[in-house]
Amino acid sequence: MNMASNPFQQLDVYLKISRKNKKLKDCYRLLYHKELWNKAYTNLYPNTNIDEKIIENIIERLRHGTYRFFPIRQTSQINFQDRLMFEVLNMMLQKIYEPIFSEHSHCSIKNRNYHTALLDIKDNWRGITWCIHGEIGGNWSPIHFQILLNLLGQKIEDRRFLLLIHDALKCGVLNGWKINETQTSNFSKLLLNIYLHEFDSFIGYHLNVKHVRFANIFVIGIVGTKESARKIQFLISEFLMDKLHLSEEKTLITHIEKEIPFLGYEFTLNKQWNQSIMIKIPAKSIQTFASKNGYGNLQNFTVEPRRKLTNLSDTEILLTYNKELEIIANYYKLADNFHILNKLFYLAERSFLKTIAFKRRSTSKKVAMRMRRYQQGRLCLVQHKQGNQIVHTFLKLKDLKK
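In the working numbering, the protein residues as written are 192 to 593.
See below:
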């Protein structure tokens, strides 16, 4: 393979070769291209000027084979240069593995996420009777690293490139992996997906079932009896242990007429609408969200002020609430019972008023009357900035398009 002068063209070549199920060679030398590093830098730090010296230093060490990863601790930040390296490796491996990942895997794949995973179930699981659901777990050890390197070696024939990934594994790139952990790099998620692609392949080739996986969380849909579900669970457990040296964790078998938890949602059979699948927001999830964010108790509607926010400006406090509410509404936008978030939004609004009242040494009623003078009775704050008047309105669920 001739090294293209444009590294992004070369990445497209990787994708085409991978589609043909051929091995890739000469991957390591692509790491010498500064343009690739500039792109990685921009991906991670879009509002920061690129430090050319750091990139040149990394490339020089790669040329001499002296680049080493810093050990990753669960309590520490990932080294800046290693984070850049992870992003570049992620860009390369994405192109190689994008064509072969299962359509039922929804993590670390372009245009797929937890929403597409849920839609897969909602759109395609009519007729399912039993579900096996749980997590794939296990502590990463040298035997797992060797299995992963063997899997990578099936697609990549480049010793230096594989040794670089091996070094990252030894330094803990997969340790303490968590789906929503901000310190978990895209590279870590992709490596996990490559490893668990074997799980998807086993189910696809050997078991006549539906399945969806997001990272290490899976759900399998079966048309049949509970006994047949138990047999399939045994086969899955046996495969994970024998082939991947992993185990099932928190695995349950649940009938489709009961609520089945998955990715913070729950799904069940909609008996009233043509036996389709209904996905819902669990009541406990929004109760936990309200408590965690300090709004109060959603069950008995006890409202609390957030004293920790009172050192912020009124506008900053309002924007804090709005951001939190927008995040949870976006997360649950697929839910058939989306409307139940109205109660959470109302509790948040009362908490906001109590917080401002506590800060001003006033009452919620007085604060509300003052804020409702604009925007047809909506709670809002007016900010004057450089001669312009900016109105910030407290968010309502109806403001967000589902």
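Here a beta-carbon is modelled for each residue, glycine too, at the ideal position from N, C-alpha and C. Model, not experiment: these values are computed from the prediction.
Between the CA atoms of residue j and residue i - distance to the nearest angstrom
{"i": "L340", "j": "I334", "result": "10 Å"}
{"i": "V400", "j": "D314", "result": "15 Å"}
{"i": "F536", "j": "N521", "result": "13 Å"}
{"i": "A559", "j": "K380", "result": "46 Å"}
{"i": "I327", "j": "H388", "result": "12 Å"}
{"i": "N513", "j": "F529", "result": "17 Å"}
{"i": "S428", "j": "H297", "result": "21 Å"}
{"i": "V494", "j": "A474", "result": "18 Å"}
{"i": "L570", "j": "K483", "result": "23 Å"}
{"i": "G256", "j": "I356", "result": "13 Å"}
{"i": "F549", "j": "R564", "result": "20 Å"}
{"i": "L532", "j": "A359", "result": "42 Å"}
{"i": "E247", "j": "F336", "result": "29 Å"}
{"i": "S589", "j": "I477", "result": "Strictly speaking, residue 589 in this sequence is Lys, with Ser absent from that position. For K589 and I477, the distance between alpha carbons rounds to 17 Å."}
{"i": "S419", "j": "T445", "result": "13 Å"}
{"i": "N330", "j": "R274", "result": "23 Å"}
{"i": "N352", "j": "T233", "result": "A small correction: the amino acid at residue 352 is Phe; Asn does not occupy that position in the sequence shown. One C-alpha to the other measures close to 23 Å."}
{"i": "L365", "j": "G395", "result": "26 Å"}
{"i": "F561", "j": "Y305", "result": "The sequence shown places Arg at residue 561, rather than the Phe named in the question. Between R561 and Y305, the C-alpha separation is close to 41 Å."}
{"i": "L431", "j": "I323", "result": "15 Å"}
{"i": "E271", "j": "P237", "result": "First, the amino acid is wrong: residue 271 is Phe here, not Glu. Approximately 15 Å, taken between the alpha carbons."}
{"i": "Y205", "j": "S293", "result": "18 Å"}
{"i": "L280", "j": "K434", "result": "26 Å"}
{"i": "F409", "j": "K225", "result": "39 Å"}
{"i": "Q580", "j": "L572", "result": "10 Å"}
{"i": "V414", "j": "S438", "result": "24 Å"}
{"i": "P262", "j": "Q285", "result": "24 Å"}
{"i": "I519", "j": "L591", "result": "11 Å"}
DSSP-derived helix/strand/coil call for residue i
{"i": "Y565", "result": "coil"}
{"i": "N528", "result": "coil"}
{"i": "E457", "result": "strand"}
{"i": "G395", "result": "helix"}
{"i": "L342", "result": "helix"}
{"i": "T554", "result": "coil"}
{"i": "F277", "result": "helix"}
{"i": "F261", "result": "coil"}
{"i": "T493", "result": "strand"}
{"i": "N238", "result": "coil"}
{"i": "T266", "result": "Per-residue confidence for T266 stands at a pLDDT of 48, beneath the threshold of 50, marking its modelled position as unreliable; the derived number appears in the next sentence. Looking at T266 - three-state DSSP - the assignment turns out to be coil, as it is neither helix nor strand."}
{"i": "H575", "result": "strand"}
{"i": "K592", "result": "coil"}
{"i": "L360", "result": "helix"}
{"i": "P333", "result": "helix"}
{"i": "S376", "result": "coil"}
{"i": "K587", "result": "coil"}
{"i": "I547", "result": "helix"}
{"i": "E289", "result": "coil"}
{"i": "L570", "result": "coil"}
{"i": "N384", "result": "helix"}
{"i": "L365", "result": "coil"}
Residue span of the alpha helix (DSSP H) that contains residue i, given as start and end
{"i": "K417", "result": "417 to 430"}
{"i": "W228", "result": "225 to 235"}
{"i": "S209", "result": "198 to 210"}
{"i": "I477", "result": "474 to 483"}
DSSP bridge partner residues for residue i (one or two, in chain order)
{"i": "L602", "result": "Absent from the structure is residue 602, since the part of the chain shown begins at 192 and ends at 593."}
{"i": "S467", "result": "N461"}
{"i": "G256", "result": "According to DSSP, G256 bridges with nothing at all."}
{"i": "P452", "result": "E457"}
{"i": "N488", "result": "T493"}
Range covered by the beta strand (DSSP E) that runs through residue i
{"i": "H402", "result": "401 to 405"}
{"i": "L309", "result": "Where L309 is concerned, there is no enclosing beta strand (DSSP E), although the alpha helix (DSSP H) it sits in stretches over 305 to 315."}
{"i": "N579", "result": "579 to 584"}
{"i": "I327", "result": "321 to 328"}
{"i": "V410", "result": "408 to 413"}
{"i": "H295", "result": "First-last for H295: undefined, no H or E at that position."}
{"i": "L443", "result": "438 to 446"}
Next on the checklist: In chain order, what are the residue ranges of uninterrupted beta strand (DSSP E) at least 3 long that sit wholly in the segment 497 to 527?
Outcome noted: Secondary structure in the segment 497 to 527: no beta strand (DSSP E) run of 3 residues or longer lies completely within the stretch.
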